[in-house]
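Heads up, the thing below is written out as structure tokens.
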Amino acid sequence: MTAEPTNRHFNTLLNTRRLSPIIGRNAGDWSNVNEKELDMGKGILMAATLAAACNSLSANADDIRIAACHNCSDSQAKRTAEAQVSIREKAGVYDVYIVNSPGNKLRLFRVTAEREGRKPRNYVQARTPSAEYQGYFNESRGEWNYVRQSVKPNIVLDQDFPIKGAEAVIGSEFNQTVISEQLNRHVPTRVGSLFGAALLMMRTIFTSEILAEVQFPDGSSALFSLQRIDSLTSGHMFVYRYKTGSAKDSDGNLIPDSVAAFDNFQGNFTTSENLTRFGRRSNIYGIEWPEGFRVHPLPSYTICARDDNGYAYCWHR
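If you're matching positions, the sequence shown starts at 45 in our numbering and goes up one per residue.
Written out as structure tokens, the structure is:
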């Protein structure tokens with residue numbers, strides 16, 4: 045995972061043009077502020093407070109960076125810290141925090157970048173993490189464990205929801221984003237209280253797969269995997285994407301999303317809609333029906349297999 049300079053993150057946040065109307069208000073001029081603007085204003089104040097704290101913590105460092113090295117030794121963590129400061133970067137002093145979530149450990153390395161002479165070099169020394177950053181680590185790790193253990197939202201979409209079935213998310217980045225936005229509405233607000241360095245640490249702690257099940261209006265379902273954690277200012281903090289091989293129709297049959305999905309497939313279809321969808325998916329992947337495809341009679345027990353040459357075939361039984 046790419047490390048992100050904490051101070052640079054705050055500078056970007058505080059200098060964002062779309063926040064200027066909030067920054068420019070008079071101290072007593074909040075009568076016409078809508079809820080969205082008020083939340084944005086609070087975010088600015090929190091970020092500014094933490095930015096000041098970071099500047100005080102890094103009085104002897106040009107930059108503070110956070111990276112992950114899970115289950116790694118001291119020497120591996122040291123190499124990881126050194127790698128966060130490119131040899132192309134300017135001379136200076138960089139503090140690099142290395143997060144090890146499974147080991148419940150936070151390390152700090154001071155990287156001194158020397159750029160004089162023919163060969164630029166980085167010198168790395170282990171330091172003791174500051175109490176403030178240790179606190180950020182403990183907070184973010186606690187929140188991540190909460191997410192990992194407790195937050196597994198299983199949501200049922202309303203009948204008027206525009207994406208009617210699980211098939212519509214297969215291969216569609218746009219539709220997956222729409223579902224991801226729905227899942228974000230079920231994320232606890234306590235996780236949203238993280239900001240600044242604590243949020244950056246939470247993003248580097250992200251190691252375990254978290255799945256959310258979504259049921260669609262047509263009765264089909266699919267699993268979505270948490271891929272990454274974005275900035276709070278993005279308005280879309282938790283980014284979920286469809287988990288390959290997880291889509292099922294209302295009968296509980298897999299909705300094929302690859303040729304491999306037809307390997308040793310066994311399905312029992314009770315509706316023409318589900319069986320028709322399966323036939324359509326089989327055509328997409330070039331699956332042959334030696335005895336022909338039919339929708340009736342129902343229920344239809346269907347099996348599929350692939351031969352030694354990789355060709356797949358399906359039959360009704």
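C-beta: ideal position from N, C-alpha, C; glycine also.
No experiment lies behind these values; they were computed from the predicted model shown.
Should arginine 338 go down as buried or exposed, given a rule of 16 or more other Cβ atoms within 10 Å for buried?
exposed
Just the Cα atoms here: how many angstroms apart are tryptophan 359 and serine 224?
36 Å
Which residues mark the beginning and the end of the alpha helix (DSSP H) in which glutamine 24 is found?
The requested residue 24 does not occur in the structure, where the chain is confined to residues 45 to 361.
Could you give the residue range of the alpha helix (DSSP H) that holds arginine 271?
It is worth fixing the name first, because residue 271 is glutamine in this sequence and not arginine. Looking at the DSSP string, glutamine 271 is not in any alpha helix (DSSP H); the run it does join, the beta strand (DSSP E), is 265–273.
Do arginine 165 and tyrosine 138 have their C-beta atoms within less than 8 Å of each other?
no
Is the distance from the Cβ of isoleucine 273 to the Cβ of methionine 246 below 8 Å?
yes
Going by other Cβ atoms of all chains shown within 10 Å of its Cβ, with 16 needed for buried, is arginine 324 buried or exposed?
exposed
Residue burial classification, glutamine 128 (beta-carbon count within 10 angstroms, cutoff 16)
buried
Cutoff 6 Å; reference leucine 267; Cβ partners in own chain excluding five residues on either side
Around leucine 267: Leu255, Glu257, Lys287, Ser290.
Bounding residues of the alpha helix (DSSP H) (the contiguous stretch that carries glutamate 225)
In the DSSP assignment, glutamate 225 falls within the alpha helix (DSSP H) that extends over 217–228.
Less than 8 Å between the beta carbons of asparagine 297 and glycine 311, yes or no?
yes
From which residue to which residue does the alpha helix (DSSP H) around glutamate 317 run?
316–328
Looking at C-alpha atoms only, which residue of Ala111, Glu133, Gly161, Ser269 is the closest neighbour of leucine 227?
Ser269
Outcome for leucine 150 when other beta-carbon atoms lying within 10 angstroms are tallied against a minimum of 16:
It counts as buried.
Are the beta-carbon atoms of alanine 210 and serine 264 separated by less than 8 Å?
yes
Any C-beta of chain D sitting closer than 8 Å to the C-beta of tyrosine 141?
Here chain D cannot be found, since the structure has a single protein chain.
State the Cα-Cα distance for the pair arginine 350 and glutamate 335, rounded to the nearest angstrom.
16 Å
Indicate whether glutamate 158 and alanine 125 have their beta-carbon atoms separated by less than 8 Å.
no
Would alanine 175 be called buried (16 or more neighbouring beta carbons within 10 Å of its own) or exposed?
exposed
To the nearest angstrom, report how far apart asparagine 148 and isoleucine 142 are at their CA atoms.
Going by C-alpha positions, asparagine 148 is about 11 Å away from isoleucine 142.
Residue nearest to alanine 170 in terms of C-alpha spacing, selected from Asn144, Ile199, Val140, Asn189
Looking at the Cα atoms, Val140 is the closest of the given residues.
Which residues DSSP lists as bridging glutamine 259, in chain order:
Val200, Ser265
Keeping to the same chain, check which residues put their C-beta closer than 8 Å to that of tyrosine 357; ignore five residues upstream and five downstream.
Ile331, Glu332, Trp333, Pro334, Cys348, Ala349, Arg350, Asp351
Should asparagine 19 go down as buried or exposed, given a rule of 16 or more other Cβ atoms within 10 Å for buried?
No statement about residue 19 is possible, as the shown extent of the chain runs from 45 to 361 and does not include it.
Quick check on isoleucine 214: does DSSP put it in helix, strand or coil?
coil
Restricting to Cα atoms, I'd like to know which of Ser117, Gln220, Tyr345, Met281 is closest to serine 316.
Tyr345
Using C-beta distances below 7 Å, list every residue in its chain close to glutamine 271, excluding the 5 sequence neighbours before and after it, in chain order.
Val283, Tyr284, Arg285
Determine the burial state of leucine 342: buried for a count of at least 16 other Cβ atoms within 10 Å of its Cβ, exposed for fewer.
Flag for leucine 342 reads exposed.
Can you tell me whether threonine 248 is helix, strand or coil according to DSSP?
helix
Please return the same chain residues whose Cβ sits closer than 6 Å to the Cβ of tyrosine 167, not counting the five positions on each side in sequence.
Thr156
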